[in-house]
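Asks: Note that the working numbering has the sequence shown beginning at 11, numbered continuously upward.
Here it is, the structure, as structure tokens.
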Amino acid sequence: MKISKLLSTIFFLTSLILTAQQKLLSEPVEREKLLMDFNWRFHFGNSEDYQKDFNYGLEEPFAKAGAGNSVLRNDFVDSTWRLLNLPHDWAVELPFQNQIEDDQIVAHGYKPVGKKFPETSIGWYRKSFTIPSSDRGKKFTIKFDGVFRDCHVWLNGHLLGRNLSGYSEFSYDITDYLLYDKPNALVVRVDATFYEGWFYEGAGIYRHVWLIKTNPLHIPLYGTFVQSSVNKGNAELKIETKIKNDLSSNQRFILHSLIIDDKNNIVGKKSSNIEVSKYDEKTVNEIINVKNPSLWSIEIPALYKLISVIESNGKIIDRYETPFGIRTITFDKDKGFFLNGKHVKIKGVCCHQDHAGVGSALPDRLQYYRIELLKEMGCNAYRTSHNPPTNELLDACDRLGMLVLDENRLMGSSPEFISQFERLILRDRNHPSVIAWSLGNEEWAIQTTEIGKQIALSLMQLQKKHDPSRLSTYAANTPKYDGINSVIDLRGFNYMKICNIDKYRQDHPEQILWGTEEVSNLCTRGIYSNIPEEGFMADYDTNFPGWGSTAEKFWTFYDEREWLAGGFVWTGFDYRGEPTPYKWPCINSHFGIMDMCGFPKNIYYYYQTWWSNKDVLHIFPHWNWKNKIGESINVWCYSNCESVELFLNGKSLGKKDVVKKSHLEWNVIYEPGILEARGIKNGKEIITRIKTTGDALTILLSPDRKIINANGEDISIVNISAIDSEGNEVPTANDPLIFEIKGNGKIIGVGNGNPSSHEPDKYLKGNYKRSLFNGKCQVIIQSTKEAGDIVLTARSERLKTATVVIKTNQSELRPALN
């Protein structure tokens, strides 16, 4: 009887605990985060003619509050403006301009944005939205993830503020300026006249916009920080939580901090009684222990959530969610980098933030797609060159297991640049993928000076204040120890040819060293000789600029030096702008391991051979050389087999032993047929073949996913090729294609990886077209908010038509303010 009563009591108490925990996690709160990407109006302004810029600058918008230009006010009629959704990059929509005498236009991809193009360098955005009167008393914050570039933001005719950098997130408290049960007019004037980088940067509101509602007693944006340490299989979490009280009285409440694993189990919890004075804020420090945690790693990127709950008088006031990972990172001057106590060689790439078809306005899914391609190659680290990334990129790296070097845009210690770097740290410090902060890149005017040193020290002091768990680095293209390099935590080298790394190590053995930028290989996918007049470079590891090197030389050097933590290759993908070594007709870079669509070049397989655990046997070039019968073809092979034997039409051309971190070569007299490589690895035979194909007959459509979400945001990336009568992809097909789409989706961009193509990425009136380039092109399709089928059809004068159906399933929409 006593046992039964005891069990009943235990069951009752357990039920109470579970009920209380469920309340903390699920009771409705005032906090809402609403996506504001849909239904914006857009119109070009003019940087030189005020009449074409809605009289901006003629009328005085700064004289009296709320009494600015008509374009800033609620009653302005914008119905004739273009209707669009964000993210939006207007630069990618513009035609190319051959301004070859202007180095800045060349560097930015020949797009008409800048001082010479007043009619396409200013963009106006307007959005109308309504807030119900039931929301009175709440706090409202509007957050812009990224606007390129210099922008003024207005609400109902009131200036909210100005943001200078095109890469920094910024936000405003808009509570005082809101109208209730009436339309509110949000207006953004974007000025892309001046550049920040020396590469394509896009233009417009190219990242997400959010409206955040909270109680006046709340956890502010990025008000939490979780630091983890691991000892004997258990984790200690140091948690900082900032709480803001915008009420006119002191507030007493309970702060509950709950740790949730990836199976939604509560694995740690702490409750603290807190008081915050009126119109004040307080930071609460707590320690929570987690037994036998799953550690975040490259192979198994386990994630947790910190759920911070404010409870007052039995009511849940606020709930704030912070994803994080439990892991340890260490850099050693002699042994390199360690993740969770395990040595990891950094096998990284540098990347800019644009992609074929969409420019800098990448849909979230495209961030994941690009990281997946890099992971497949064996890459384990990503440098966000040369600016703060979008938050969704870091989410992808967290979830997929990719280390990140998170880079600041411009070095400076003035309030503006301190603010930019501070916003970057506060936003990104809970991402387990981030292993270091980069203060800047190749600041040649200050990097060896006392001024550079003092700026670096100021930025590092700020970094240590907000994040003592990581180190700072700087990407230096100098062999000198002076200036920034004399005080930086991690000494970064941009190009071993410039930096004389062995000598530097000998002189400064006390510093931790790694390569922040290397290689700069130049090649065009599917091209096997340099063609200057077309802007093409051979797809071998043979071309590089004066500062660069081959991939083989880079990786041989870095892999053989344990004291080098690893390095980052310039670049993972081709990008618009910086055409090197050829300019027009070439309009983008050749540096990528993949082209702008993410189609691999041959060098991709070099890295996959020596960076991944895959069995690799890759031979090239293709075997369609009808005009070279009897001529010698240089055949390369990337393989991690022990030996490889090459055959042409069944005849052996010789067997060669594989030298680690190198490649094999044969000079083969061309005849049509089958080129076959047979490799031996651990006693197992591996075979790969390429063959002379027939003429291209049919279009082949290959979506990365055939089922996507009907949420107005999700995408399917359709890779397109041409096949012969036997189903072989034809690597020389360059046919122009026309696309037609029906159903619940739309095309948002096309590309083919051709660095000299002047075909549009966007067709604003529909009628999308794109040519195959060396057998491939790409179409990006986006869903609507209605479930159903999307039917994509591709046609060509010469090739058989192809159709693919992509299904969109009804899914829960992200909360949005339409």
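Glycine included, every Cβ here is placed at the ideal spot set by N, Cα and C.
Any idea if residue 1 is buried or exposed, counting beta-carbon neighbours within 10 angstroms, 16 or more meaning buried?
Replies: The question about residue 1 has no answer here: the residues shown for the chain are numbered 11 through 828.
Asks: Starting from the Cα of residue 473, find the closest Cα among 67, 228, 446 and 523 and give me that residue.
Replies: On the sequence shown, position 463 is the one that residue 473 refers to. Selected option, being the one with the closest Cα: 446.
Asks: Specify the secondary structure class of residue 493 as computed by DSSP and reduced to three states.
Replies: As a position in the sequence shown, residue 493 is number 483, starting the count at 1. In this structure, DSSP gives residue 493 a helical state, which the three-state scheme calls helix.
Asks: Cα-Cα, which of 153, 320, 104 and 774 is closest to residue 36?
Replies: Taking the first residue of the sequence shown as position 1, residue 36 is located at position 26. Comparing alpha carbon positions, the residue from 153, 320, 104 and 774 closest to residue 36 is 320.
Asks: Among all the DSSP beta bridges, which residues are the ones paired with residue 120?
Replies: Here residue 120 refers to the residue found at position 110 of the sequence shown. Answer by DSSP bridge pairing: none, since residue 120 is not bridged.
Asks: Using only the alpha-carbon positions, how far apart do residue 87 and residue 46 sit?
Replies: Counting from 1 along the sequence shown, the entry for residue 87 is found at position 77. Counting from 1 along the sequence shown, the entry for residue 46 is found at position 36. Counting only the Cα atoms, residue 46 lies some 20 Å from residue 87.
Asks: Please return the same chain residues whose Cβ sits closer than 6 Å to the Cβ of residue 414, not counting the five positions on each side in sequence.
Replies: Here residue 414 refers to the residue found at position 404 of the sequence shown. Contacts found: 392, 407, 443 and 444.
Asks: DSSP three-state call for residue 401: helix, strand or coil?
Replies: If you number the sequence shown from 1, residue 401 lands on position 391. Helix.
Asks: Please classify residue 102: does DSSP put it in a helix, a strand, or coil?
Replies: Counting from one through the sequence shown, the residue named residue 102 turns up at place 92. If DSSP states are grouped into helix, strand and coil, residue 102 belongs with the helices.
Asks: Taking the alpha carbon of residue 730 as the reference point, which residue from 272, 660 and 787 has its own alpha carbon closest?
Replies: On the sequence shown, position 720 is the one that residue 730 refers to. With distances taken between Cα atoms, residue 730 lies closest to 787.
Asks: I'd like the span of the alpha helix (DSSP H) that includes residue 561, first residue to last.
Replies: In the sequence shown, residue 561 corresponds to position 551, counting from 1. Per DSSP, residue 561 is one residue of the alpha helix (DSSP H) stretching across 561 to 569.
Asks: Please tell me whether, using a cut-off of 7 Å, the distance from the CB of residue 372 to the nearest non-hydrogen atom of the ligand MG is below it.
Replies: In terms of ligand content, the structure shown is empty, and the ligand MG therefore cannot be addressed.
Asks: For residue 362, does the three-state DSSP call read helix, strand or coil?
Replies: Taking the sequence shown and counting its residues from 1, one reaches residue 362 at position 352. The answer is coil: DSSP assigns residue 362 none of H, G, I, E or B.
Asks: Which complete alpha helix (DSSP H) runs does the stretch 410 to 439 hold, if anything under 4 residues is left out?
Replies: 425 to 438
Asks: Could you check the C-alpha separation between residue 812 and residue 208 for me, to the nearest Å?
Replies: As a working note, residue 812 is residue 802 in the sequence shown. As a working note, residue 208 is residue 198 in the sequence shown. Taking the straight line joining both Cα atoms gives about 40 Å.
Asks: Residues in its own chain within less than 6 Å of residue 24 by CB, not counting five upstream and five downstream?
Replies: Here residue 24 corresponds to residue number 14 of the sequence shown, with the count starting at 1. Its pLDDT being 49, under 50, residue 24 is placed unreliably by the model, and the measurement read from it follows with that caveat. Cβ neighbours of residue 24 beyond the five flanking positions: none.
Asks: DSSP has residue 787 in a bridge; who is on the other side?
Replies: As a first step, residue 787 must be located in the sequence shown, where it is residue number 777. Bridge partners of residue 787: 730.
Asks: Here's a check: name, in chain order, each residue in its chain whose Cβ is nearer than 6 Å to the Cβ of residue 92, leaving out the five neighbours to either side.
Replies: Within the sequence shown, residue 92 is the residue found at index 82, counting from 1. So the qualifying residues of the chain are 52.
Asks: Are three or more beta carbon pairs between the stretch 425 to 441 and the stretch 321 to 328 nearer than 8 Å?
Replies: no
Asks: Does DSSP classify residue 604 as helix, strand or coil?
Replies: If you number the sequence shown from 1, residue 604 lands on position 594. Strand, per DSSP.
Asks: Can you tell me the Cβ-Cβ gap for residue 8 and residue 619, rounded? I've got them flagged as a contact below 8 Å.
Replies: Residue 8 lies beyond the range of the chain shown here (11 to 828); nothing can be said about it.
Asks: Closer than 6 Å by C-beta to residue 180: which residues in its own chain qualify, once you throw out the five before and the five after it? Chain order, please.
Replies: Walking along the sequence shown from the start, residue 180 turns up at place 170. Same-chain partners within the cutoff: 154 and 173.
Asks: Check whether the stretch 298 to 307 touches the stretch 335 to 346, taking contact to mean three or more Cβ pairs, one atom from each stretch, closer than 8 Å.
Replies: yes
Asks: In chain order, what residues of the same chain lie with their CB nearer than 6 Å to the CB of residue 240, ignoring the 5 residues before and after it?
Replies: Here residue 240 refers to the residue found at position 230 when the sequence shown is read from its first residue. For residue 240, where only same-chain residues beyond five positions count, the Cβ hits under 6 Å are 338.
Asks: Would you mind sorting residue 575 into buried or exposed? The rule is 16 or more other CB atoms within 10 Å of its CB.
Replies: To locate residue 575, count along the sequence shown from 1; it is residue 565. The residue is buried, with at least 16 neighbouring Cβ atoms inside 10 Å.
Asks: Whole angstroms are fine: how far does the CA of residue 50 sit from the CA of residue 794?
Replies: The residue labelled residue 794 in the question sits at position 784 within the sequence shown. The residue labelled residue 50 in the question sits at position 40 within the sequence shown. So the alpha carbons of these two residues sit roughly 16 Å apart.
Asks: Run the CB neighbour count on residue 26, radius 10 Å, all protein chains shown included, and call it buried at 16 or more, exposed below.
Replies: Here residue 26 corresponds to residue number 16 of the sequence shown, with the count starting at 1. Interpretation of residue 26 is limited by its pLDDT of 49, a score under 50 that renders its predicted location unreliable; the figure taken from the coordinates is listed afterwards. Per the 10 Å Cβ criterion, exposed.
Asks: Helix, strand or coil for residue 1? Go by DSSP, reduced to three states.
Replies: Any question about residue 1 goes unanswered here, given that the chain covers just 11 to 828.
Asks: To the nearest angstrom, how far is it from the Cα of residue 797 to the Cα of residue 668?
Replies: Mapped onto the sequence shown, residue 797 falls at position 787. Mapped onto the sequence shown, residue 668 falls at position 658. Computed Cα separation, rounded: 52 Å.
Asks: DSSP has residue 182 in a bridge; who is on the other side?
Replies: Sequence index remark: in the sequence shown, residue 182 carries index 172 (1-based). Residue 182 is bridged to 152.
Asks: Rounding to the nearest angstrom, what Cα-Cα distance links residue 428 and residue 81 in this structure?
Replies: Here residue 428 refers to the residue found at position 418 of the sequence shown. Here residue 81 refers to the residue found at position 71 of the sequence shown. Those two C-alpha atoms are separated by around 33 Å.
Asks: Could you give the distance in angstroms between the alpha-carbon of residue 378 and the alpha-carbon of residue 149?
Replies: What you label residue 378 is simply residue 368 of the sequence shown in a count that begins at 1. What you label residue 149 is simply residue 139 of the sequence shown in a count that begins at 1. When the Cα atoms are used, residue 378 and residue 149 turn out to be separated by approximately 33 Å.
Asks: If we call anything under 8 Å between Cβ atoms a contact, is residue 143 one with residue 182?
Replies: Within the sequence shown, numbered from 1, the residue matching residue 143 stands at position 133. Within the sequence shown, numbered from 1, the residue matching residue 182 stands at position 172. No. Outside cutoff.
Asks: Answer yes if the stretch 571 to 586 comes into contact with the stretch 522 to 539, meaning at least three C-beta pairs across the two stretches below 8 Å, and no otherwise.
Replies: yes
Asks: Who does residue 7 pair with in a DSSP beta bridge?
Replies: With the chain covering only 11 through 828, there is no way to say anything about residue 7.
Asks: Report the rounded CA-to-CA distance for residue 542 versus residue 356, giving the unit in angstroms.
Replies: As a first step, residue 542 must be located in the sequence shown, where it is residue number 532. As a first step, residue 356 must be located in the sequence shown, where it is residue number 346. The straight-line gap from Cα to Cα measures roughly 35 Å.
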